[in-house]
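Using the working numbering, you'd call the opening residue of the sequence shown number 1 and step up by one each time.
In this text, a Cβ means the ideal position worked out from N, Cα and C, and glycines have one as well.
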Amino acid sequence: MSARKKPSKGASYAMTMRAKLKNAFRFGFTGTPIDRTMQNTHRDFGPLVDGEQERYLSHYGIRRSIKDGATLEVHYVRDKVPFVIDEEAMNIGYEQICAEMEVEDEEAKDNVQREKAKWKELARHPDRVEIVLEKMLTHFLAYPDPSGFKAQLVAVDRKACAVYKEGLDAKLRARGLPPETADAVISGAQNTADKDVRQLEYTKAKQDDLIEWFKLTPREWEEKNREMHGDERAKWRPPLKILIVCDRLLTGFDAPVEQVMYLDKPLRDHNLLQAIARTNRPLPSMKKLTGVVVDYFGNFERLEKALNFDTSIREESLIDWGALKKSVPGEVARCMAMFKDIPVQAKRENLLAALRRLRDPSAAKRFEQNLRSLERLWEAVSPDPCLYPLVEQYNWLCSIFVAWRRRQKGSRDTHGELAAKTRQLIEKNTTFMVVAESLPVFKIDADYAGKVDELPTPSDKAAALEAALTAELAEDDAGFTYRMLGERLKRLKERKDKSDAATAERLREYEEIAREAAKTKQEPARLNLQGPGEYGVFEVLRAHGKTQDEGLLAECARRMVAHLKEHQLLGAGWSYPRGGGGWQRVERSALAESWNDLYRPLGFDPAAEDPPFLKPLVNELAKSDAQG
Numbered sequence: 001m002s003a004r005k006k007p008s009k010g011a012s013y014a015m016t017m018r019a020k021l022k023n024a025f026r027f028g029f030t031g032t033p034i035d036r037t038m039q040n041t042h043r044d045f046g047p048l049v050d051g052e053q054e055r056y057l058s059h060y061g062i063r064r065s066i067k068d069g070a071t072l073e074v075h076y077v078r079d080k081v082p083f084v085i086d087e088e089a090m091n092i093g094y095e096q097i098c099a100e101m102e103v104e105d106e107e108a109k110d111n112v113q114r115e116k117a118k119w120k121e122l123a124r125h126p127d128r129v130e131i132v133l134e135k136m137l138t139h140f141l142a143y144p145d146p147s148g149f150k151a152q153l154v155a156v157d158r159k160a161c162a163v164y165k166e167g168l169d170a171k172l173r174a175r176g177l178p179p180e181t182a183d184a185v186i187s188g189a190q191n192t193a194d195k196d197v198r199q200l201e202y203t204k205a206k207q208d209d210l211i212e213w214f215k216l217t218p219r220e221w222e223e224k225n226r227e228m229h230g231d232e233r234a235k236w237r238p239p240l241k242i243l244i245v246c247d248r249l250l251t252g253f254d255a256p257v258e259q260v261m262y263l264d265k266p267l268r269d270h271n272l273l274q275a276i277a278r279t280n281r282p283l284p285s286m287k288k289l290t291g292v293v294v295d296y297f298g299n300f301e302r303l304e305k306a307l308n309f310d311t312s313i314r315e316e317s318l319i320d321w322g323a324l325k326k327s328v329p330g331e332v333a334r335c336m337a338m339f340k341d342i343p344v345q346a347k348r349e350n351l352l353a354a355l356r357r358l359r360d361p362s363a364a365k366r367f368e369q370n371l372r373s374l375e376r377l378w379e380a381v382s383p384d385p386c387l388y389p390l391v392e393q394y395n396w397l398c399s400i401f402v403a404w405r406r407r408q409k410g411s412r413d414t415h416g417e418l419a420a421k422t423r424q425l426i427e428k429n430t431t432f433m434v435v436a437e438s439l440p441v442f443k444i445d446a447d448y449a450g451k452v453d454e455l456p457t458p459s460d461k462a463a464a465l466e467a468a469l470t471a472e473l474a475e476d477d478a479g480f481t482y483r484m485l486g487e488r489l490k491r492l493k494e495r496k497d498k499s500d501a502a503t504a505e506r507l508r509e510y511e512e513i514a515r516e517a518a519k520t521k522q523e524p525a526r527l528n529l530q531g532p533g534e535y536g537v538f539e540v541l542r543a544h545g546k547t548q549d550e551g552l553l554a555e556c557a558r559r560m561v562a563h564l565k566e567h568q569l570l571g572a573g574w575s576y577p578r579g580g581g582g583w584q585r586v587e588r589s590a591l592a593e594s595w596n597d598l599y600r601p602l603g604f605d606p607a608a609e610d611p612p613f614l615k616p617l618v619n620e621l622a623k624s625d626a627q628g
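So, in structure tokens, the structure goes:
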């Protein structure tokens, strides 16, 4: 039997299982189903139902994965660098090349490659290599590198990896960059004749080191170097940004910092789908929004042949770069539509007018979603010249977003929420951002009123106060008074009145809530209620008692906490589990304490078994638990 016909052990086992277990159900679990005549996942595992082949028992598609945040969209760029032969002959030969590359039997593959090696020589011809490397490095330095992302360069074979490594070293030096910026990871072989290839047959330890160094984000790279060499930057090891491979690391390799794959090798079907998936791993810490595959070999000239899957799978797995660029003006227009009739000018009144359009929470949410979608496109396409006519509008939209987020957060630190190229854009074109940053940003404190008065209209003041109060009162595990104020704020925000008189009344109510919130911040120190749990108890007693005598309420709060401590009921961890024995003991003891004469002016009913103040009081004490 020839090597080409010899069945593998896997095929033999499968044959035996099917013969012995004729009635058994077979389930296939795969990320990339094969859909060919000889090998077909759907046919082999999917039963015929009413004469139709069942393709999937359960299908978790790429689109759903993107929606869930498990993966990112991947865009492809056709940039074929042809061989120095007749184009028509090359197009015909591409199918043969792909078939040759996918022969699984190693001996048969060697025979094929010896017979058909000429196309590989053409692929790594010096003139062609020069074109590919110049295109690749220019793209890399303009697109992924400014944002800190990395790339793989996929070559046809180990010899091509060596050729690309040598050429890339020279180009990096010419640009003043260290040659360590790029390196190769290839599989070893016995008796490699080519000296240049042998030099890249690194030990496993060195390969593992290169892979780990490649995976580092810029921040992790800096931390590693500081750990090893401190501030002596001359000793720092340069970052590894480009990994040259041929077969290794095309499947099962997980490096979220990789954003781009430069593909100069024939791949198709499941091999191609798995390879491009190296770029779709999310990296929220670096605001990675998309993956990109640049095709120098011509894999995507006929996408339906390169990816022999359902049309929907092809459309989900790869999105054409040209179509992506064409979609940017529409995304800009969608964002701009929310601010129709507002001139795009760096004026305070124009920015305030835009912020008024975002007062409604649903409008603000829609704006944020639209801008994030536009930002994703901008980051992917920048610095393509097609964006130039849209720079002013995009910059203005970003200034609106920054001003709006500053109000939401009560903080000036909002630029960091934008992706890298967008930040660079607004830092170079500061006109709009200067206006956005001139608007007052404040938290609810003793000075808030003076800052609000800087705004020109009651509507602007109300919007700013609403945003500040929302941020202030939305604290996790807020205190008793803050929760009450938060409920008042929620009811006020739900009112949809729009008249001038209603706006003035709304502003008055916002100011009242703000005064109480500011007062609440100052009270613990003013009333000497800074011990754990004391101020929370005070808030509850004030809310439920019949007296508003602050001195008496403060004394009652201190006395209540001291009593519980004396009886050793507030030891660390007493509130775990919630509602357990510790809670019950504190409730009983606090209830008994409230019967003393000191608390009589509060008007609590001594006959009540479960008075209204009791459970909120214990809740406030639980927040001050030493383990809480």
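Close-in-space but distant-in-sequence residues of the same chain around residue i (CB under 7 Å, 5 per side omitted)
i, result
"Asn-225", "Trp-236, Arg-237"
"Gly-581", "none"
"Phe-253", "Arg-278"
"Leu-617", "Val-537, Val-540, Ala-590"
"Glu-180", "Pro-238, Leu-240"
"Asn-280", "Thr-71, Leu-72, Val-74, Gly-291"
"Leu-283", "Pro-256, Val-257"
"Arg-488", "Ile-513"
"Ala-467", "Arg-407, Gln-408"
"Thr-16", "none"
"Leu-557", "The question names Leu, yet the displayed sequence has Ala at residue 557. So the list reads Leu-529, Glu-534, Val-537, Phe-538, Leu-541, once near-sequence residues are dropped."
"Glu-87", "Low confidence applies here, because Glu-87 scores a pLDDT of 47, under 50, leaving its location unreliable and the question unanswered by this model."
"Asp-476", "Here the model assigns Asp-476 a pLDDT of 48, short of 50, so the residue's position is not dependable, and the following value carries that caveat. The answer is none, since no qualifying residue turns up."
8 Å Cβ shell around residue i - same chain, five flanking residues per side excluded
i, result
"Cys-161", "Ala-155, Ala-184, Ile-186, Val-197, Leu-200, Ile-244, Val-245, Cys-246"
"Lys-120", "Gln-113, Val-156, Asp-157, Lys-159, Ala-160"
"Gly-167", "Val-129, Glu-130, Leu-133"
"Gly-628", "A caution first: Gly-628 carries a pLDDT of 40, below 50, which makes its placement in the model too unreliable to give a value."
"Leu-387", "Val-328, Trp-378, Val-381, Tyr-394"
"Asp-79", "Lys-135, Val-294, Asp-295, Tyr-296"
"Phe-27", "Phe-45, Leu-57"
Under 8 Å between C-beta atoms of residue i and residue j
i, j, result
"Val-561", "Glu-534", "yes"
"Leu-527", "Leu-570", "no"
"Val-332", "Leu-374", "yes"
"Ala-182", "Lys-165", "yes"
"Ala-346", "Phe-480", "no"
"Ser-658", "Val-435", "In the structure displayed, the chain extends from 1 to 628; residue 658 sits before or after that span and is not available."
"Arg-348", "Ala-463", "no"
"Pro-458", "Ala-504", "yes"
"Pro-144", "Val-260", "yes"
"Asn-299", "Pro-329", "no"
"Pro-532", "Ser-438", "no"
"Lys-421", "Ser-65", "no"
"Leu-289", "Ala-419", "yes"
"Phe-83", "Ala-123", "yes"
"His-544", "Pro-612", "yes"
"Phe-367", "Met-338", "yes"
Residues bridged to residue i [DSSP beta-bridge criterion]
i, result
"Arg-78", "Asp-295"
"Leu-263", "Val-154, Asp-295"
"Glu-301", "None, per the DSSP bridge assignment."
"Asp-714", "Residue 714 cannot be examined here, being either before or after the span of the chain that is shown, 1 to 628."
"Glu-258", "Lys-150"
"Ile-319", "His-75"
"Glu-52", "Val-49"
Nonlocal neighbours in the same chain, by C-beta distance under 6 Å from residue i, ignoring five residues either side
i, result
"Thr-629", "Because the chain here runs from 1 to 628, residue 629 falls outside it and cannot be looked at."
"Gln-207", "Val-185"
Residue-chain proximity (residue i, chain B), Cβ-Cβ < 8 Å
i, result
"Glu-437", "As a matter of chain content, chain B is missing from the structure shown, which is built from one protein chain."
**OP:** Pick out the complete alpha helix (DSSP H) segments inside the segment 326-398, 4 residues or longer, and give them in chain order.
**Re:** 348-356, 361-381
**OP:** Flag this pair as touching only if the segment 520-527 and the segment 598-605 have three or more C-beta atom pairs under 8 Å; answer yes or no.
**Re:** no
Subject >> Validate contact between the segment 73-84 and the segment 315-335 using beta carbons, cut 8 Å, 3 pairs >> reply: yes
Subject >> the segment 274-294 in contact with the segment 168-177 per 3-pair CB rule at 8 Å >> reply: no
Original post:
What runs of the beta strand (DSSP E), each 3 residues or longer, lie entirely inside the segment 126-154?
Top reply: 150-154
**OP:** Would you check if there are 3 or more beta carbon pairs closer than 8 Å linking the segment 345-362 to the segment 400-409?
**Re:** yes
Original post:
On the three-pair Cβ rule with 8 Å, is the segment 267-281 touching the segment 207-216?
Top reply: no
Subject >> Runs of alpha helix (DSSP H) wholly within the segment 159-245 (minimum 4 residues, chain order) >> reply: 195-198, 204-215, 218-229
Subject >> Sequence ranges, beta strand (DSSP E) only - wholly within the segment 559-588, length at least 3 >> reply: none
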